[in-house]
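To start, the structure itself, in structure tokens.
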Amino acid sequence: MREKASFKVLVTSQKGGVGKSTISANLAAYLKSQGRSVTLLDFDNHGSSSSWLTRAPNVGVVIQHKPLPLDQGGNRSLLDARLHLRRAAASSDVVISDLTWSNSIAGELMFEYDLVIVPTSVSEIELAATVGFLNHHRWVFDSAIHTPPMLLLSPTRVLAEQMDSDIFSRQRFPVRFILPPPILEAQSAKKMFERGYLMDMPDACGQSFIEFGKAVIEAQTISEANKRIRQMQRTATQPRRSVLDRPNSLSNRDLLLARHRAHKANQMGTPVFAPPKAQEIQQPVIGSLVSRFLNKLAAGVA
Ligand SMILES: Nc1ncnc2c1ncn2[C@@H]1O[C@H](COP(=O)(O)OP(=O)(O)OP(=O)(O)O)[C@@H](O)[C@H]1O
Ligand SMILES: [Mg+2]
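Shown next, in the form of structure tokens:
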């Protein structure tokens with residue numbers, strides 16, 4: 005498969021109303037504000053994220069509404085999505101797709117993406133549905149044949165009192181994931197629909213969205229470093245086993261994360277992500293990259 009040129013992000017979940025469109029539209033606006041050229045590729049019929057960006061003040065995101073033909077069998081949705089995605093990627097630094105997942109979509113679609121964001125509230129019922137969704141697509145995130153996308157499990161619509169929850173440290177997830185800072189629940193976020201952007205809100209919810217956007221940028225940095233390493237591995241003339249190949253040592257991604265954390269810590273004087281605990285490395289059910297949110301949850305001091 006051709007190496008991905010731009011950073012491709014899929015915001016998806018099988019559950020309705022979890023915040024996919026809010027994240028898609030606002031992440032597109034945030035990444036544009038950070039100097040990237042961005043295309044929002046809205047695959048959903050109702051087109052909430054594309055209409056948000058169309059009606060709110062223009063921030064220069066390219067907007068495409070391409071509903072997938074979910075009722076036509078076979079691989080029609082996969083083929084359509086691939087085509088639209090590749091076209092969009094040819095002219096943007098970042099493509100963000102908004103998609104309500106349906107069982108009629110072939111899971112292979114996820115291999116087209118560098119990052120899959122699955123929004124979830126922290127309610128037990130929604131987390132259980134998220135675990136079910138991830139279980140179903142475990143073969144994608146664990147694939148040794150294709151390059152799997154990174155997974156960002158994104159707590160959304162989190163209430164202040166839920167910040168004390170330790171649910172992410174208790175809940176068992178079937179695949180490795182990154183846990184970004186939570187996006188808070190606020191009336192102001194609802195009011196922003198088609199009017200403006202969460203990153204411009206002066207309240208805690210607005211700030212939480214900016215922190216989330218920064219985590220996505222960190223994920224992009226890691227993803228691109230991973231790509232470079234894979235490229236180097238492919239072009240190496242003398243294939244010899246390195247620490248990156250050893251199944252029982254730290255994974256490629258863990259090493260990068262560790263390096264990235266160290267670099268960040270040097271820059272900021274404070275670690276952005278906690279160093280990986282031995283337990284996390286041996287136990288793939290817990291996210292490989294632990295945010296301050298998870299640290300606080302795990303420590304019970306939020
Ligand atoms: N952080 C937030 N705080 C408060 N309300 C929110 C927040 N994020 C999203 N919402 C609200 O939740 C509802 C669902 O959000 P959104 O449309 O983004 O979800 P969705 O997953 O795209 O839904 P659908 O499955 O219908 O496409 C909307 O009314 C939206 O305004
Ligand atoms: Mg939506």
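Okay, so the sequence shown: first residue is 5 according to our numbering, each after it adds one. No residue lacks a Cβ here, since even glycine has one placed at the ideal position from N, Cα and C.
Report the residue ranges of all beta strand (DSSP E) runs contained in full by the segment 69 to 124; include only those spanning at least 3 residues, in chain order. 98 to 104, 119 to 124
Name the residue from Gln76, Leu188, Asp75 whose alpha carbon lies nearest to the alpha carbon of Ala164. Checked all of Gln76, Leu188, Asp75; the closest Cα to Ala164 is Leu188.
Would you mind sorting Ile149 into buried or exposed? The rule is 16 or more other CB atoms within 10 Å of its CB. exposed
Ser55 to Ile221, Cα distance in whole Å? 24 Å
Tell me the rounded alpha-carbon separation between Ala94 and Pro159. 31 Å
Measure the C-alpha to C-alpha separation of Leu103 and Phe213 and round it to an integer number of angstroms. Cα to Cα, the separation comes out at about 20 Å.
Considering only residues of the same chain and omitting the five flanking positions on each side of Thr16, which have a CB-CB separation below 6 Å? Leu103, Trp105
For Ser81 versus Leu14, is the C-beta spacing smaller than 7 Å? Not a contact, by the Cβ cut-off of 7 Å.
For Arg40, I'd like the list of residues in its chain whose CB is within less than 6 Å of its CB, leaving aside the five on either flank, ordered along the chain. A distance below 6 Å between beta-carbons, with the five flanking residues on each side excluded, links Arg40 to the following residues of its chain, in chain order: Asp97, Val98.
Any chance you could list the alpha helix (DSSP H) runs of at least 4 consecutive residues sitting entirely within the segment 11 to 45, in chain order? 24 to 37
With distances taken from each beta carbon to the nearest heavy atom of ligand 2, which residues come in below 7 Å, in chain order? Checking every Cβ against the heavy atoms of ligand 2 under 7 Å gives Lys24, Ser25, Asp48, His50, Ser52, Ser53, Asp102, Thr104.
Tyr117 to Asp146, Cα distance in whole Å? For Tyr117 and Asp146, the distance between alpha carbons rounds to 14 Å.
How about Leu74 and Asp84: are their beta carbons less than 7 Å apart? no
What residue does the beta strand (DSSP E) around Met203 start on, and which one ends it? First-last for Met203: undefined, no H or E at that position.
Between Glu189 and ligand 1, is there a pair consisting of the residue's CB and a ligand heavy atom that are separated by less than 6 Å? yes
7 Å Cβ shell around Met114 - same chain, five flanking residues per side excluded: Leu14, Val120, His141, Val144, Pro153
Backbone CA spacing between Met205 and Ser37 [nearest angstrom]: 14 Å
Own chain partners of Ala33 with C-beta closer than 6 Å, once the 5 adjacent residues on each side are dropped: Excluding residues within five positions, the ones whose Cβ falls inside 6 Å are Val63, Tyr201.
Start and end of the beta strand (DSSP E) containing Arg158? Note on identity: in this sequence residue 158 is Ser, with Arg being the wrong assignment. Ser158 -> beta strand (DSSP E) spans 154 to 159.
To which residues of the same chain is Ala133 closer than 6 Å at the C-beta, ignoring the five residues directly before and after it? Lys19
Can you determine whether any heavy atom of ligand 1 sits closer than 6 Å to the C-beta of Ala60, and answer yes or no? no
How big is the Cα-Cα spacing for Val22 and Ala240? 44 Å
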